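>
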Amino acid sequence: MKKLFGVIGDPIAHSMSPAMHNDLFDLYGIDAVYLPFHVRKGNLGDAVKGLKALGVSGFNVTIPHKTEIIAHLDKVDPLARAIGAVNTVKNENGLLVGYNTDGPGFVKGLESMAADLGSRSALIIGAGGASRAIYFSMAQAGIGRIDLYNRTTEKAEELVSSCPFKVESKVLSQESAEKSLAEYQLIIQTTSIGMVPDTESLPLSLENITQNTIVSDIIYNPLQTKFLKAASKRRATVQNGVGMFVFQGALAFEIWTGIFPDVKRMEANVLRNLGG
Ligand code: ATR
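Going by the UniProt record's numbering, 270 is the number at position 270 of the sequence shown; the sequence numbering is gapless.
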């Protein structure tokens, strides 16, 4: 029987996940379909019950449900539980099990650009949900040092102190982060600030970065945020959010099917969707 997969969220119409996963099902000859489901906040519990009753094989979870979904699952993987967010659910013999592939997906995307991550120092900008997934996953992956800068300092301090993985870490003010940018080989922008095109503001000035720094922005629409443009100008190596999106999808696909898919093909699919 054809297997059912999907993604639940609000809004959901422009999700690139259905095209990406349906293409992989075709490629690997898997008899399955992946559909977008528009689920509003108040309907999450009913939607999950319905998907379970229909025998869904697995689904992704996106905004605004990544945290609330946890209460509706039978089991949650320890990393996802620590992060406090689930983006991938698998039906394991009738039980819905939650995973987080956003953070590990980001780390895999980074590994595809840079070897020996363990010896590198990173600065993460932002302390929201995305930052938390990335910080915890990088700490688990053994990155040498991860400092944090956020507009609201207390949120960064809370994030660092709640991380279950041991990692050297400091919370910086904007001024000290800007001054010490040359100390980092990795700078990761996780705030939503670049999503509004042509916005004048950068979360912090990149004046002091060095040429060899990898500067990553998790935003993929636009493909080149103002932040990445400023980094390119200073001849840093830049990475947009397509990598994280593709690798979170690849890890979800692997959880569901046991196959780690062709990420180059997934990336091409996503770029076609974005018109890039
Ligand atoms: P997400 O789940 O996408 O990470 P979030 O949890 O709402 O979203 O977090 C948004 C992040 O973007 C936070 O770090 C937020 O900073 P504050 O904690 O100070 O609110 C950051 N952010 C959003 N708009 C910003 C802006 N205009 N300038 C600086 N930081 C901003």
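Note that beta-carbon positions come from the ideal geometry of N, C-alpha and C, so glycine has one too. Here the structure is a predicted model, which is why all the values come from computation and not from measurement.
#1: Can you find a heavy atom of the ligand ATR that lies under 7 Å from the Cβ of S162?
#2: For V97, which beta-bridge partners are listed by DSSP?
#3: Please say whether P18 and L44 have beta carbons closer to each other than 8 Å?
#4: Go ahead and pull the three-state DSSP assignment for K49.
#5: Measure the alpha-carbon distance for A32 versus F25 and round it to whole angstroms.
#6: Please determine, among Q185, K179, P78 and S121, the residue with the shortest C-alpha to C-alpha distance to S169.
#7: Just jot down, in chain order, the residues whose CB lies closer than 7 Å to any heavy atom of the ligand ATR.
#8: Leaving out the 5 sequence neighbours to the left and right, which residues in its chain are closer than 7 Å to G194 when beta-carbon positions are compared?
#9: Does the ligand SAH have even one heavy atom less than 7 Å from the beta-carbon of V160?
#10: Do you know whose CA, among Y135, E183, L202 and D116, lies nearest R151's CA?
#11: Is it a yes or a no for the region 263-270 touching the region 41-60, going by three-plus beta-carbon pairs under 8 Å?
#12: So who's on the other strand from V33, going by DSSP bridges?
#13: Count the other C-beta atoms from every protein chain shown that fall within 10 angstroms of the C-beta of R40, then say buried if there are 16 or more, exposed otherwise.
#14: Have a look at F106 and P261 and give me their C-alpha separation to the nearest angstrom.
#15: Exposed or buried, H14, counting other C-beta atoms within 10 Å across all chains shown (16 or more means buried)?
#16: Which residue spans inside the UniProt domain "SDH C-terminal" (241-268) form an unbroken beta strand (DSSP E) run of at least 3?
#17: Which residues share a DSSP beta bridge with residue 278?
#18: Please name the residue, chosen from G29, W256, H38 and Q248, that lies closest to G9 on a Cα-to-Cα basis.
#19: Would you kindly work out how many angstroms separate the C-alpha atoms of I124 and N60, rounded to a whole number?
#20: Take S205 as the anchor and find which of Q174, L223, K2 and T213 has the nearest alpha-carbon.
#21: Which of the three DSSP states, helix, strand or coil, is assigned to H38?
#22: To the nearest angstrom, how far is it from the Cα of V167 to the Cα of K2?
#23: Output yes or no for whether 8 Å exceeds the beta carbon distance between V263 and V238.
#24: Based on the DSSP output, what are the partners of I70 in its beta bridges?
#25: Looking only at C-alpha atoms, which of V56, I188, A252 and L54 sits nearest to N240?
#26: May I ask you to report which of helix, strand or coil DSSP gives Q239?
#27: Taking the C-alpha atoms as reference points, what is the distance between A236 and S162?
#28: So, at 7 Å on beta carbons, what are the nonlocal neighbours of P64 in its own chain, with the 5 sequence-adjacent residues on each side left out?
On the basis of the data shown:
#1: False, no ligand heavy atom lies under 7 Å from that Cβ.
#2: V97 pairs with K75 and K90.
#3: Not in contact: L44 and P18 (Cβ atoms no closer than 8 Å).
#4: Three-state result, K49: helix.
#5: For A32 and F25, the distance between alpha carbons rounds to 6 Å.
#6: Distances from the alpha-carbon of S169 to those of Q185, K179, P78 and S121 put S121 closest.
#7: Listed by position in the chain, the residues whose beta carbon lies within less than 7 Å of some heavy atom of the ligand ATR are G126, A127, G128, G129, A130, S131, N150, R151, T152, K155, T190, T191, S192, I193, S201 and P203.
#8: By the criterion of a C-beta distance shorter than 7 Å, G194 is surrounded in its chain by D217, I219, T225, K226 and F227, once the five residues flanking it on both sides are discounted.
#9: In the structure on display, the ligand SAH does not appear, and the ligands it does have are the ligand ATR.
#10: That would be L202, whose Cα lies nearest to the Cα of R151.
#11: Too few Cβ pairs lie closer than 8 Å, so no.
#12: The beta-bridge partner set that DSSP reports for V33 consists of L4.
#13: R40 is exposed by the Cβ-count criterion.
#14: Within the model, the alpha-carbon separation for F106 versus P261 is close to 16 Å.
#15: With fewer than 16 Cβ atoms within 10 Å of its Cβ, H14 is classed as exposed.
#16: Segments of the beta strand (DSSP E) lying fully in the UniProt domain "SDH C-terminal" (241-268): there are none.
#17: Examination of residue 278 is not possible in this model, given that the chain is present from 1 through 276 alone.
#18: G9 has its Cα closest to that of H38, out of G29, W256, H38 and Q248.
#19: Between the alpha carbons of I124 and N60 lies a gap of roughly 25 Å.
#20: Among Q174, L223, K2 and T213, the Cα nearest to that of S205 belongs to Q174.
#21: Note: H38 maps to strand in three-state DSSP.
#22: Their backbone Cα atoms lie some 45 Å apart in a straight line.
#23: No, they are not a contact pair.
#24: In DSSP, I70 forms no bridge with anything.
#25: Nearest neighbour of N240 by Cα position, chosen from V56, I188, A252 and L54, turns out to be I188.
#26: Residue state for Q239 is assigned as strand, using DSSP reduced to three classes.
#27: Each residue's alpha carbon lies about 31 Å from the other.
#28: Within the same chain, P64 has close Cβ partners D10 and K41.
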